[in-house]
Amino acid sequence: MTEVSKLADNKYTAGFSTQTDTEDFEPGLTEDIVKRLSAIKDEPEWVTEFRLKAFAHLQTIKEPTWAHVNYAPIDYQALSYYSAPKFRNKDEIPPEILETFDKLGVPLHERDALLGIETKDPNIIPTVAVDVVFDSVSIATTFQKELKKHGIIFCSISEAIQEHPELVKEYLGSVIPAKDNYFACLNSAVFTDGTFCYIPKGVKCPMELNTYFRINARNTGQFERTLIIADADSYVSYLEGCTAPAYDENTLHAAVVELVTHDRAEIKYSTVQNWYPGDENGVGGVLNFVTKRGLCKGESSKISWTQVETGSAVTWKYPSCILRGDNSVGEFYSVAVTKGKQMADTGTKMLHVGKNTKSTIISKGISFGDSSNTYRGQVRIGKKAHNSRNYTQCDSLMLDNSKAITIPVVSQHNNTSIVEHEASAGKLSEEALYYLQSRGLDEENAVSLVVNGFCKDVFQKLPLEFAAEANQLLNVTLEGAVG
Amino acid sequence: MLVTQEFTIKVDNETILNDMTLEYGPGVHVIMGPNGVGKSTFAHALMGNPNYETEGAVEFNGKDLLSMETYERARAGLFISFQAPTPIEGLSNFQFIKQAMTSLNKNQSIKENLSTFRQSANDLGLGSEWDKKQLNVEASGGEKKKNELIQLDMLDPQTAILDEPDSGLDIDAIKILVEKLRAFVDKGDKTLIIVSHYAELITKLNPDTVTILDKKGNAKQTEDIQVAYDILENGFNG
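Taken in sequence, the protein lines are chains X and H.
Here the numbering used here is used: the first residue of the first sequence is 1, the next is one more, and so on.
Here the numbering used here is used: the first residue of the second sequence is 1, the next is one more, and so on.
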């Protein structure tokens, strides 16, 4: 507990900003900006086309308004769509940027790897490889050589467009078409960087793949794009983490993540989302509008989403699975914590298309202060999804004046399939807190134990390396929320 | 030393116990009274349960107990056992004890603590996996009672108020309960206040004082232990 009390004074520890020379676009969202973005990244014509088509469609649609979130209208013309630290190549990363990641606690071996030290001791087998995205660009990707030995491609999406165009062309937009929704469409027009992974047939990725997203620049949107493909009989565990400075203005983040699994392949995708949530009066904070979807294309393939969401002023995010392959499996495990004036509208969609498909949804919402926390889920069992099953469990825990809303939608079109739903909603038990306090635990500590217990089912799904990090993040979040 | 002066306990402005002046020094004290007079209320009001309003003064080892938060009372050395302890999902028995011991500044190694915990659970017949079980979740009434006893063992308070620790226990478990309570008192300088109507327990613990709570909300403390035995024989109206 001592570590937690040390952090008690800093409610949001990642809220600092870094001074570094950058190359920025002037604010504005025009066809010309989209073309310049594509040009600065030296993209092939088909990518420019992809962007321009999306941009044209964007002009014909409006932001969705159905979610339980409120925010001041976004002035898309006032944002800059490109901000990149100046350095010529990846051996010359400015020291202040390395310091930034040091300060954020990106583990040391990863930082060493960023400095090009890779593994000094041949006996140390790295367990995590990391791609680091700073505003609009990927600044480094570690252990690429090591991964290459296994035929694994792990690089920024910009690099993948240059080096592996055939793969990117086949899959980009194949799960989330540009016209899917407003924010996905915006992303398709102006995406800057993100991560690309390809795991070849039969390969179990020997280490965790990790992308660390850092927003630094003011008045800049971050539009990352991630694409992960697991070929037949392969396996990968991927984790993303994210933080941003504490600015008074809102920062827009509109990401798209597409996953594809082929026959018997598995992707385990974990997120620890700690974007700046704004201050206690709801000033500033990241507007987090994210479209994440996985396609279980092959038979007996599996996609598992685990998310721990503590940050962002507004969260709009529904990591989903299309279970197309027969016997495919989709999972969604989520802990969403909101406090102060935060608003989260998050959940999942499980679309059962193939036979004998299975999905599991476990969602834990915890809300403090004046925040609102909505679970929105859709389970659709299609006509041909014989003998499919879904199990959904949604629990919410409320404190103070917060709101918890649960909106589960089920559409069943096949009577050989079973859909089960369990839900609970409750105030944090005063009795439980009193019991713990009668054994000497102070209020903060007591709340933390109850909340950690409440989230345990989900935390157990996180990769070991990150479970502790998530736990600590949760405790720091609670420090700011209680009392 | 726990000393109450003109101590009054109310719930929603209704007086439950009135004007109690009582003194509990090291040794064994029994509290008796008919059902519903407020024996549990007495224990929880001393622990600082927010559902109770209190008046008067309570001095605990020289400190003003009523001005303290519940966790501060625990840290000052006060412990009460719960009749129906609250279940907490996802929190294991041992994780809970570990946190409580840290809060109470009990400096022992985790390894030592775990072996003491397992020994204590084993003595009470709770099985070898008890440390991993979730706190009071899917536990029987008897198991919860035993778990409270393990906590008494591990947390080793200066003053323990035990609310009918014998109820729900079978005859073998009661034997162990008596041994454990005897051992607790024999450590010296310990105050054990026990709410019980169980003759064998009272006889074996050989109390120093008896406090009778009556239906009017009054408390009477005496060193004449015969009062307790008379009640055990004839009931409160005898």
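Idealized CB from N, CA, C, for every residue including glycine.
So with CB distances below 7 angstroms, who are the chain X contacts of residue i?
| i | result |
| --- | --- |
| H/M47 | S438 |
| H/T70 | Y434, Q437, S438 |
| H/R75 | G440 |
Enumerate in chain order the residues of its own chain whose CB-to-CB distance from residue i is below 7 angstroms, with the five nearest sequence positions on each side excluded.
| i | result |
| --- | --- |
| H/I225 | P207, V210 |
| X/I61 | Y182, C185 |
| H/T86 | N136 |
| X/I33 | F25, Y81 |
| X/P64 | N181, Y182 |
Along chain H, which residues have their Cβ under 8 angstroms away from the Cβ of residue i?
| i | result |
| --- | --- |
| X/G426 | Going along chain H, no residue has its Cβ under 8 angstroms from X/G426, so there is no contact; the nearest lies around 11 angstroms. |
| X/S429 | T86 |
| X/F454 | E89, G90 |
Could you list which residues in chain X have their beta carbon closer than 9 angstroms to that of residue i, in chain order?
| i | result |
| --- | --- |
| H/P85 | Y435 |
| H/I80 | S438 |
| H/L126 | Simply none; closest approach about 18 angstroms. |
| H/L155 | R439, G440 |
Identify every residue that forms a DSSP beta bridge with residue i.
| i | result |
| --- | --- |
| H/Q5 | H/A57 |
| X/N359 | A quick correction: the sequence has Ser, not Asn, at residue 359 of chain X. DSSP output for X/S359 lists X/G330, X/N390 as bridge partner(s). |
| X/E240 | X/T211, X/T271 |
Can you list the residues of chain H that residue i reaches, using a CB-CB cut of under 7 angstroms?
| i | result |
| --- | --- |
| X/E444 | Chain H residues near X/E444: none, gap ~10 angstroms exceeds 7 angstroms. |
Check this for me: beta carbons of residue i and residue j, under 7 angstroms apart or not?
| i | j | result |
| --- | --- | --- |
| X/T348 | X/I362 | no |
| X/A336 | X/P277 | no |
| X/A178 | X/A54 | yes |
| H/I161 | H/A43 | yes |
| X/T142 | X/V133 | no |
| H/G217 | H/T15 | yes |
| X/F25 | X/Y76 | no |
| X/K268 | X/A232 | no |
| X/S237 | X/P463 | yes |
| X/S371 | X/T416 | no |
| X/L239 | X/E258 | no |
| H/W130 | H/A139 | no |
| X/G325 | X/G298 | yes |
| H/L232 | H/A199 | yes |
| H/L201 | H/D166 | yes |
| H/L2 | H/T159 | yes |
| X/P85 | X/T30 | no |
| H/K240 | H/L114 | It is not possible to answer for residue 240 of chain H, since the shown part of chain H is limited to 1 through 238. |
Would you verify that the beta carbon of residue i is, or is not, closer than 7 angstroms to some beta carbon of chain X?
| i | result |
| --- | --- |
| H/G27 | no |
| H/Q5 | no |
| H/E89 | yes |
| H/A100 | yes |
| H/A2 | Here the sequence assigns Leu to residue 2 of chain H, which means Ala is not the residue at that position. Not one chain X Cβ lies under 7 angstroms of H/L2. |
| H/L149 | no |
| H/L205 | no |
| H/S109 | no |
| H/L104 | yes |
| H/K10 | no |
When you compare the CB of residue i with every CB in chain H, is at least one pair closer than 7 angstroms?
| i | result |
| --- | --- |
| X/K461 | no |
| X/E118 | Unreliable positioning characterises X/E118 in this predicted model, as indicated by a pLDDT of 48, which lies under 50. The coordinate reading is nonetheless provided below. No, X/E118 does not count as interfacial toward chain H. |
| X/L552 | Chain X is shown only over 1 to 483; residue 552 of chain X falls outside these bounds and no answer can be derived. |
| X/L473 | no |
| X/K41 | no |
| X/L449 | yes |
| X/E422 | no |
To which residues of the same chain is residue i closer than 6 angstroms at the C-beta, ignoring the five residues directly before and after it?
| i | result |
| --- | --- |
| X/V308 | V272, V335, A470 |
| X/Q393 | I362, E422 |
| X/G330 | I303, C321, L323, M350, S359 |
| H/L135 | I88, L91, N93, F96 |
| X/S158 | K41, D193 |
| H/L204 | The identity of residue 204 of chain H in the sequence shown is Lys, whereas the question assumes Leu. Once the five neighbours on either side are set aside, the close Cβ partners of H/K204 are V178. |
Tell me which residues share the same chain as residue i and place their Cβ nearer than 8 angstroms to its Cβ, disregarding the 5 neighbours each side in the sequence.
| i | result |
| --- | --- |
| X/K6 | With a pLDDT of 29 at X/K6, under the threshold of 50, the modelled position of this residue cannot be trusted; read the value that follows with caution. Result list for X/K6: empty, nothing under 8 angstroms. |
| X/G221 | L79, S80, Y81, V190, T251, L252, H253, A254 |
| X/A265 | I199, A230, D231, A232, D233, S234, Y235, G298, S301, K302 |
Can you pull the chain X residues whose beta carbon is under 8 angstroms from the beta carbon of residue i, in chain order?
| i | result |
| --- | --- |
| H/P165 | Those within 8 angstroms of H/P165 in chain X number zero; the least Cβ separation is about 16 angstroms. |
| H/P34 | Within 8 angstroms Cβ-Cβ: nothing; H/P34 doesn't reach chain X, min ~26 angstroms. |
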